[in-house]
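Trainee: Before I ask anything, let me first share the structure, which is written out below as structure tokens.
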Amino acid sequence: MKSVVVGTAGHIDHGKSALVYALTGTDPDRLKEEKARGITIDLGFAHTTIDAINVAFVDVPGHERFVKNMLAGVGGIDLVVLVVAADESVMPQTREHFDICRLLQIPAGLVALTKADLVDADTLELVRLETRELAQGSFLDSAPIVPVSSKTGEGLEAFRRALADVSSRVGGRPVEGVTRLPIDRVFSMKGFGTVVTGTLVSGRIRTDAELVIAPGDRRVKVRGVQVHGAGRTEAVAGQRTAVNLGGVEVHEIDRGQTLMTPGAFEETRLADAVVNVLPGAKPLKHGARVRFHQGTAEILGRVALVGPLDATGGMPAIAPGSRAFVRLRLERPTILTRGDRYILRAYSPAVTIAGGVILDPHPPRGAIRTESALARSRRLAFDPSVDDRAQADSHAAATMIEDAGPAGFALASMVSRVGVDPAAVEARVQMLVDAGHAIRAGEVLVAPAVLEKLKRATISALEEHHRAQPLSEGISREELRDRLFGRGHPDLFERALIDLAAAGTIAGRDRIALATHRVALSPEEERARAAIERAFREGGLKPPDAGAIAAETGTAAATVDRVLKLLQRQKVLVRIDTLLFHDEALKRLKAEVAALKASAGAGARIDVATFKERFGVSRKFAIPLLEYLDRERVTRRMGDSRVVL
Ligand SMILES: Nc1nc2c(ncn2[C@@H]2O[C@H](COP(=O)(O)OP(=O)(O)OP(=O)(O)O)[C@@H](O)[C@H]2O)c(=O)[nH]1
Ligand SMILES: [Mg+2]
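Here is the structure:
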């Protein structure tokens, strides 16, 4: 069964709540004070079924002092019923609520001319004309305008039919998206505990699901779900939902927080956005303190204009009726993603002045009063009502990927920052890769130019290294990573090396070199190498030390040092503690010790004295060699002697 969430809107006392009551049989005014004063203060809820469509109403207050409550209600609605009382016609909050709906880009709606019983036909016609004029050029331009009386019931049937017709045409919500429920009410229910309600704007909520309340990342468990007052195993996007939560107390949750999939979105206090300033508002100044409303949250913040200072050098302002790019700095964190609509109200007096769309909920910190910051915002911009979202998001993602540089853009940010549904991420990433906007390196996306630059840097670092140290077989992987990829993502480093190896440009695993690199020895070094290797081969288990070699072969100490390092890297020489041995000597030693077992049988033992004698070495060599044999598992120490294994 299709579900739609319908919001009311309109001036105080124009009959919004009475209309909801007449349509559903439920009085949306639930508070004692509301009943006593005859006005709506906070959001009210009621539901009914019309033409096999579940219609859930969010009834809002018309009083100018409670516009903030109205804003918490309209965030998730699919369509609006603009209520205009026939005896009063269009009034200030008719306009303000209507402006809010336009700024939030509520896609559809209709108009109810209430209290039709109180006026004659001519007056009704006049109000209809005034309403038409208000709606001109807006989403309500050709919407039905239906006269009704909640008192006599006149026109209610026609209104129901018009509502069903508009409802049947509104699109569904992304059920496969991230679970996201901006909380509009929290209360405790006897026998149940904590219950939160809201309009589920995307995803689904099942009993037993593990979710979080954000900001704050409070883990909660879903104990039960109700949709339209009836228990369900699951609620899906587009439904008014009540959720019974375990693991949290009522006083720990506030309206404005979001019940969501753990980790799907990150909290933020900074966002880049496009803003539309209302024609009737004052110019919106750089630095202005505002009330930011999104979802069910209201947060104080400041508006900073993106772009260079104007020619006069003065602080620019956004003119009424125009559109601009801003950076919003919020005083408290909230949950936002790209594509979220928001409203700005003046700090004082609290009147609606502007609204717009979030372009980037996690912009890079840095100067925004520049031409390039403006160009960046333009690349991120889109108008949800006209632009192809996938196309616009692809441009935005490309820009964010560029911003990220070698640190890379995490795949998870496609959801949290670009606002893509998790199920669509793979396809969107493929789109970016195919269009040449990104290269995938493990868990991150990077701009192709960044990878190319890193590959070039790798090659020049290796060239430089080979030039400076021709005897070195290359740079160790760790050193190369530290030198070139300090701020870079490790997956990008791997990707660059894999690419370069696949292209045959580099070689080596632990030690990376250009494929063309050969350890080049000068004639002197070649002579030294031969002499040193011979000395170690002949020395066997009593190898010479570096000083002796330098003296005996008449080679400079530095050259001996370089050659010794080379021979170790080539595994011709093996280091044991401070001593170097020829690999062949150690191999022979291992074979001979192992052979003792063959001659002496099981339980063959060897101690330091017999070892010294058997291999003709002093204690200086015997101890490290025996310990080496233990490590190599040729022998095992037992008390003062060793067992041959
Ligand atoms: N005669 C007549 N009176 C109506 C009609 N609809 C509402 N009223 C009366 O108008 C008054 C205000 O109605 P509400 O439904 O509370 O108005 P509201 O728009 O919900 O007001 P707020 O929520 O405070 O903004 C009440 O006294 C209603 O009985 C109608 O169709 N005809
Ligand atoms: Mg009301």
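Heads up, the sequence shown is in my numbering, so the first residue is 51 and it goes up one at a time. Glycine is no exception: its CB is placed at the ideal position from the N, C-alpha and C atoms. Here the structure is a predicted model, which means the values were calculated and not measured.
#1: So, for H97: in the same chain, excluding its five sequence neighbours on each side, which residues have a beta-carbon less than 8 Å away from its beta-carbon?
#2: Between R254 and E260, is the Cβ-Cβ spacing less than 8 Å?
#3: So the candidates are P329, I393, E316, D360; which of them puts its Cα closest to the Cα of R352?
#4: Can you tell me which of the three DSSP states I263 falls into?
#5: Who does F586 pair with in a DSSP beta bridge?
#6: May I ask which residues mark the beginning and end of the alpha helix (DSSP H) holding R467?
#7: Should L350 go down as buried or exposed, given a rule of 16 or more other Cβ atoms within 10 Å for buried?
#8: When every heavy atom of ligand 1 is checked, does at least one fall within less than 7 Å of the C-beta of K52?
#9: Per DSSP, which residues does M310 bridge with? Please list them.
#10: Can you give, in chain order, each stretch of the alpha helix (DSSP H) that sits fully within the region 91 to 166 and has at least 4 residues?
#11: Could you check what DSSP says for D443 in three-state terms: helix, strand or coil?
#12: Check the DSSP bridge columns for P197 and list the partner residues they point to.
#13: For A431, which three-state DSSP category applies?
#14: Rounded to whole angstroms, how far is the Cβ of R705 from the Cβ of T308, which I believe are closer than 8 Å?
#15: According to DSSP, is R4 part of a helix, a strand, or is it coil?
#16: Throw me the rounded Cβ distance for the T164 and H64 pair, which I believe falls under 8 Å.
#17: Report the residue ranges of all alpha helix (DSSP H) runs contained in full by the region 390 to 416; include only those spanning at least 4 residues, in chain order.
#18: Taking Cβ positions, are V324 and A354 nearer each other than 8 Å?
#19: State yes or no: is the C-beta of G60 nearer than 7 Å to some heavy atom of ligand 1?
#20: Can you name, in chain order, every residue of its own chain whose Cβ lies under 6 Å from the Cβ of V610, other than the five neighbours on each side?
#21: So for R568, helix, strand or coil by DSSP?
#22: Enumerate in chain order the residues of its own chain whose CB-to-CB distance from S444 is below 8 Å, with the five nearest sequence positions on each side excluded.
#23: For P434, which option in M450, H412, L424, R388 has the closest C-alpha, if you only look at C-alpha atoms?
#24: List the residues that DSSP assigns as beta-bridge partners of A460.
#25: Mind checking Q143: buried by the 16 CB within 10 Å criterion, or exposed?
#26: Cα-Cα, which of K592, A648, A644 is closest to K662?
#27: Out of G653, F671, S668, K670, which one is the CA nearest neighbour of M688?
#28: Is D149 a contact residue of ligand 2, with contact defined as CB to any heavy atom under 7 Å?
Mentor: Looking at the coordinates:
#1: To locate residue 97, count along the sequence shown from 1; it is residue 47. Excluding sequence positions up to five before and after H97, its CB lies within less than 8 Å of the CB of T74, T76, N104, V105, A106, F107, H278, G279, R290, all in the same chain and listed in chain order.
#2: On the sequence shown, residue 254 is found 204 positions in, with the first residue counted as 1. On the sequence shown, residue 260 is found 210 positions in, with the first residue counted as 1. No. Outside cutoff.
#3: As a first step, residue 352 must be located in the sequence shown, where it is residue number 302. Of the listed residues, the one whose Cα sits closest to R352 is I393.
#4: Position 213 of the sequence shown, counting from 1, holds the residue named residue 263. Here I263 sits in strand by DSSP.
#5: Taking the first residue of the sequence shown as position 1, residue 586 is located at position 536. Paired residues: none, contrary to the question.
#6: On the sequence shown, position 417 is the one that residue 467 refers to. It is not in any alpha helix (DSSP H) - R467 carries neither H nor E in the DSSP assignment.
#7: One-based indexing of the sequence shown puts residue 350 at position 300. L350 is exposed by the Cβ-count criterion.
#8: The residue labelled residue 52 in the question sits at position 2 within the sequence shown. K52: no, Cβ never under 7 Å from ligand 1.
#9: Mapped onto the sequence shown, residue 310 falls at position 260. Beta-bridge pairing links M310 to R230, V262.
#10: Restricted to the region 91 to 166, the alpha helix (DSSP H) segments that are unbroken, complete and at least 4 residues in length are 117 to 124, 142 to 153, listed in chain order.
#11: Taking the sequence shown and counting its residues from 1, one reaches residue 443 at position 393. Of the three classes helix, strand and coil, the one that applies to D443 here is helix, per DSSP.
#12: As a working note, residue 197 is residue 147 in the sequence shown. DSSP lists L163 as partners of P197.
#13: Position 381 of the sequence shown holds residue 431. Correct three-state label for A431: coil.
#14: Nothing can be reported for residue 705, as the shown portion of the chain is limited to 51 through 695.
#15: Because residue 4 is not part of the residues shown, which for the chain are 51 to 695, the question remains open.
#16: What you label residue 164 is simply residue 114 of the sequence shown in a count that begins at 1. What you label residue 64 is simply residue 14 of the sequence shown in a count that begins at 1. Going by Cβ atoms, the distance from T164 to H64 rounds to 6 Å, so yes, they are a contact pair.
#17: Counting only runs of 4+ residues, no alpha helix (DSSP H) is found wholly inside the region 390 to 416.
#18: The sequence position of residue 324 within the sequence shown is 274, counting from 1. The sequence position of residue 354 within the sequence shown is 304, counting from 1. Inclusion of V324 and A354 in the CB contact set at 8 Å is not warranted, their separation being larger than that value.
#19: Residue 60 sits at position 10 when you count from the first residue of the sequence shown. Proximity of the beta carbon of G60 to ligand 1 is indicated: a heavy atom of the ligand is located closer than 7 Å.
#20: The residue given as residue 610 occupies position 560 in the sequence shown. If we look at V610 and ignore the five residues flanking it on each side, its Cβ neighbours are A596, I599, A600.
#21: Within the sequence shown, numbered from 1, the residue matching residue 568 stands at position 518. Coil.
#22: By 1-based counting over the sequence shown, the position of residue 444 is 394. Closer than 8 Å at Cβ, skipping near neighbours: R478, M481, L482, A485, H487.
#23: Numbered from its first residue, the sequence shown carries residue 434 at position 384. For P434, the closest C-alpha among the options M450, H412, L424, R388 is that of R388.
#24: As a position in the sequence shown, residue 460 is number 410, starting the count at 1. Note: A460 sits in a beta bridge opposite V494.
#25: Walking along the sequence shown from the start, residue 143 turns up at place 93. Residue environment: Q143 is assigned as buried (16 or more neighbouring CB atoms within 10 Å of its CB, all protein chains considered).
#26: As a working note, residue 662 is residue 612 in the sequence shown. With distances taken between CA atoms, K662 lies nearest to K592 out of K592, A648, A644.
#27: For the purposes of this step, residue 688 is identified with residue 638 of the sequence shown, where counting begins at 1. The alpha carbon of M688 has as its nearest neighbour, out of G653, F671, S668, K670, the alpha carbon of G653.
#28: Numbered from its first residue, the sequence shown carries residue 149 at position 99. Short note on D149: C-beta not closer than 7 Å to any heavy atom of ligand 2.
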